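Residue numbers for the sequence shown follow this note's numbering, so the first one is 5 and each next one is one higher. For glycine and all other residues, C-beta sits at the position ideal for the given N, C-alpha and C. Predicted model only: the values in this text are computed from it and were never measured. First the structure, in the form of structure tokens, and then the observations on it.
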Amino acid sequence: MSTIDYFAPGRVNLIGEHIDYNGGLVMPIALNMGIKARYKKNDNNTISFASSTHKDLVEFAVEDIPTKYESTSNWCNYPIGVLSTLHKQGLPINGFDLHFDSNLPEGSGLSSSAAIEVVTAYILMHQAGREINPPDLAVLCQKVENNFIGVKCGIMDQFAVANGKKDHAILLNCNTLDCEQIPFDLDTYSLLVINSKKPRSLIKSAYNERKAESEAALKILIDAGKLRDGQYLVDAEIEDLGVIADAIVRKRTRHVVSENIRVKHATRALKMGDLYTFGRLMNASHQSLKDDYEVSGIELDTLVETAQNIDGCIGARMTGAGFGGCAIALVKNTGISNFSKTLADRYHAVTKLHCEIYECKAEDGVRLLD
Ligand code: ADP
Ligand code: MG
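Here is the structure:
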């Protein structure tokens, strides 16, 4: 039987970090790296998942679609979670084999998990002849990651993977899911994504801690009459933060409020084609994540602070939840090779780690390949 190829990109967030669970604005792009999925219908009434980056594979009969997370299924839980959820919703499912082939690093903060979920959902809907609404696809896949996999991520990752548009950045309101595609024209500059290759070991506990601190700050501001019920932390005014007695919680809040403002300024800068201002906002975002939100670390700080001081770089910051994962930089095209070598050498000298650098572009979201 013939095969059909689909693709879902990874994503990187340009600005608006640790904002999605605080009801504010983020600005991700879908990347030119991602997961290709080869679909093949079969007539033996079975479903199988395989991946070129993992040895283990799973096969079961169409009547035996798993209904919950199984630790023995490892990575297959991601596509199984999507399959199980759509099956429960009544989507007709017939036998098929699905093979994933990826050039997206896994577990590095470029949302390979969202890519594998969204491409699976897209394929199942497409094969069933259903109309596909990308924002709905994103919400479905976020639910799978929250409830089936058990990772309490916000909506940004799945939304960017499903709704990306070539040469555009997505300005997304994480609260209302209103989105605007902003032209992302880099002119004579390029976006470099720098993988620190530092395992994100601290991230789970710190993420939960920051979420708790944000909730505490919101309650204090509501109790003090500075915010109304139903408002979000990003709605607070910087000059009202004095009512938060705890200095740590106060600076966490200052990050959230100032970062949301930076996203608005960054939107204006992109619309005016002012990349220098955009770059300065990236630098300020990093400073705030380092000093106020404290989710950076020696590896990301070394990458970003080194990058900011190399000729031709007009802005750099950590991206994603932090403590590892990736940084991004805007670099003059003619300076990329010097930038990459200088950065990699310095990073290795400080951390003994070898970073990876990818030249990235904003691309379309999940799609059928020709
Ligand atoms: P991130 O989303 O930042 O890449 P996660 O830890 O959320 O990191 O998701 C990574 C997991 O997603 C992998 O450990 C694996 O289980 C699954 N995954 C991602 N891409 C693939 C792939 N191409 N093949 C198989 N599993 C994948
Ligand atoms: Mg993920």
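Are the region 71-88 and the region 120-127 in contact at 8 Å, needing three or more beta carbon pairs?
With the cut-off at 8 Å, the region 71-88 and the region 120-127 touch.
Rounded to the nearest angstrom, how far is the Cβ of Y25 from that of S218, given a contact under 8 Å?
That pair is a contact at about 7 Å.
If I measure Cβ to Cβ from K44 and keep anything under 7 Å in the same chain, skipping five residues before and after, which residues do I get?
So the list reads M5, T7, F100, D101, once near-sequence residues are dropped.
Give me whichever residues DSSP pairs with A41 in a beta bridge.
Note: A41 sits in a beta bridge opposite Y10, F104.
Going by the CB atoms, is the gap between A118 and L32 shorter than 8 Å?
Here residue 32 is Pro; the residue named in the question, Leu, does not match the sequence. Not in contact: P32 and A118 (Cβ atoms no closer than 8 Å).
How big is the Cα-Cα spacing for V260 and I97?
Distance between the alpha carbons of V260 and I97: 43 Å.
Do you know how far the Cα of D60 is from the Cα of Y280?
Looking at the two C-alpha atoms, the distance is approximately 47 Å.
For N264, which residues from the same chain have a beta carbon less than 8 Å from its beta carbon, with the 5 sequence-adjacent residues on both sides left out?
So the list reads G20, I23, N26, G28, L29, V238, once near-sequence residues are dropped.
Using the C-alpha atoms, what's the distance from K356 back to D349?
Computed Cα separation, rounded: 10 Å.
What would DSSP say about C80, mapped onto helix, strand or coil?
Here C80 sits in helix by DSSP.
Would a C-beta distance cut-off of 8 Å place F188 and A366 closer than the cut-off?
It is a contact, given that the beta carbons lie within the stated cut-off.
Below 8 Å on the Cβ atoms is my guess for N49 versus V66; work out the distance and round it to an integer in Å.
Confirmed, about 5 Å.
Relative to the C-alpha of T323, which candidate in K268, L222, L372, V308 has its C-alpha closest?
The shortest Cα separation from T323 among K268, L222, L372, V308 belongs to V308.
Please tell me whether, using a cut-off of 7 Å, the distance from the CB of A12 to the nearest non-hydrogen atom of the ligand GTP is below it.
As far as ligands go, the structure on display features the ligand ADP and the ligand MG and does not contain the ligand GTP.
F64: beta carbon under 7 Å from a heavy atom of the ligand ADP?
For the ligand ADP, not one heavy atom lies less than 7 Å from the Cβ of F64.
Just to confirm the assignment, what range does the alpha helix (DSSP H) spanning D60 have?
First-last for D60: 58-65, but that is the beta strand (DSSP E), not the alpha helix (DSSP H).
Give me the DSSP bridge partner(s) of Q185.
For Q185, which the question treats as bridged, DSSP gives the partners I174.
Within its chain, find whatever has a CB closer than 8 Å to the CB of I186; leave out the 5 residues flanking it on each side and keep chain order.
Excluding residues within five positions, the ones whose Cβ falls inside 8 Å are M31, H172, A173, I174, L175, T271, L274, K275.
Alpha carbon to alpha carbon, how far is D140 from P109? Give it in angstroms, no decimals.
Looking at the two C-alpha atoms, the distance is approximately 26 Å.
Could you tell me which whole alpha helix (DSSP H) segments of length 4 or greater appear in the region 208-295?
Entirely contained in the region 208-295, the alpha helix (DSSP H) runs reaching 4 residues are, in chain order, 251-275, 279-295.
CB-CB under 7 Å to D68, same chain, minus the five flanking residues each way: which ones, in chain order?
The answer is none, since no qualifying residue turns up.
Going by the CB atoms, is the gap between T57 and V148 shorter than 8 Å?
It is not a contact, given that the beta carbons lie outside the stated cut-off.
Is the beta carbon of H130 closer than 8 Å to that of L372?
Closer than 8 Å, so yes.
Between I226 and the rest of its own chain, which residues show a CB-CB distance below 8 Å, the 5 nearest in sequence each way excluded?
R232, D233, Q235.
By how many angstroms is the C-alpha of A12 removed from the C-alpha of D368?
Taking the straight line joining both Cα atoms gives about 9 Å.
Which residue wins for smallest C-alpha separation from A331, given the options S112, I51, F53?
Selected option, being the one with the closest Cα: S112.
Any heavy atom of the ligand MG inside 7 Å of the beta-carbon of D24?
Checking the Cβ of D24 against the ligand MG gives no.
Assuming A221 and V253 make a contact with CB atoms under 8 Å, what is their CB distance in whole Å?
About 5 Å; that satisfies the 8 Å criterion.
Can you round the beta-carbon distance between L87 and L128 to whole angstroms, since I take them to be within the 8 Å contact cut?
That belief holds up - the Cβ atoms of L87 and L128 are roughly 7 Å apart, short of 8 Å.
Return the first residue and the last residue of the beta strand (DSSP E) that I332 is part of.
Start and end: 330-336.
Can you give the Cα-Cα distance for F152 and I159, rounded to whole angstroms?
Rounded to the nearest angstrom, the two C-alpha atoms are 15 Å apart.
With a threshold of 7 Å on Cβ separation, who are the neighbours of P203 within its own chain once the five nearest residues in sequence on each side are excluded?
Excluding residues within five positions, the ones whose Cβ falls inside 7 Å are G328.
On the CB-based measure, 16 or more other CB atoms within 10 Å of its CB, does G319 come out buried or exposed?
So G319 counts as buried.
With a threshold of 7 Å (Cβ to nearest heavy atom), would L87 be considered close to the ligand ADP?
Incorrect: L87 has no Cβ contact closer than 7 Å to the ligand ADP.
Are the CB atoms of N36 and C364 within a distance shorter than 8 Å?
Yes, these two residues count as a Cβ contact at 8 Å.
Identify whether N151 lies in helix, strand or coil by the three-state DSSP scheme.
DSSP places N151 in helix when its eight states are reduced to three.
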